[in-house]
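Colleague: If you scroll down you'll find the structure; I have some questions about it.
Numbering (my numbering), first residue to last: 4 to 60.
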């Protein structure tokens, strides 16, 4: 069984984990309703996407 010879240092550990961050979500304000929504998603309250009516609610 492979066992490390030395303890992994804090800097070595943190360098390895440098890409493990959580990315930000792209939240925008809707122009018509003023509600916050994810970009490139349908606004479920109004049914609009890209200025066009998609869903009948």
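Just so it is clear, CB atoms sit at the ideal spot from N, CA and C, and this is done for glycine as well.
As the structure is a computational prediction, the values presented were derived from the model and not from experiment.
Using only the alpha-carbon positions, how far apart do residue 35 and residue 58 sit?
Modeller: Here the question's residue 35 lines up with position 32 in the chain shown. Here the question's residue 58 lines up with position 55 in the chain shown. Rounded to whole angstroms, residue 35 to residue 58 spans 15 Å at the Cα level.
Colleague: May I have the straight-line CA-CA distance separating residue 44 from residue 27, to the nearest angstrom?
Modeller: As a working note, residue 44 is residue 41 in the chain shown. As a working note, residue 27 is residue 24 in the chain shown. Distance between the alpha carbons of residue 44 and residue 27: 16 Å.
Colleague: Give the single residue among 38, 24, 33 and 20 whose Cα lies nearest to the Cα of residue 54.
Modeller: Position 51 of the chain shown holds residue 54. Per the Cα distances, 33.
Colleague: Tell me where the beta strand (DSSP E) around residue 40 begins and ends.
Modeller: The residue labelled residue 40 in the question sits at position 37 within the chain shown. That run of the beta strand (DSSP E) goes 39-41.
Colleague: On the three-state DSSP scale, how would you describe residue 55?
Modeller: Walking along the chain shown from the start, residue 55 turns up at place 52. Residue 55 falls in the strand class under three-state DSSP.
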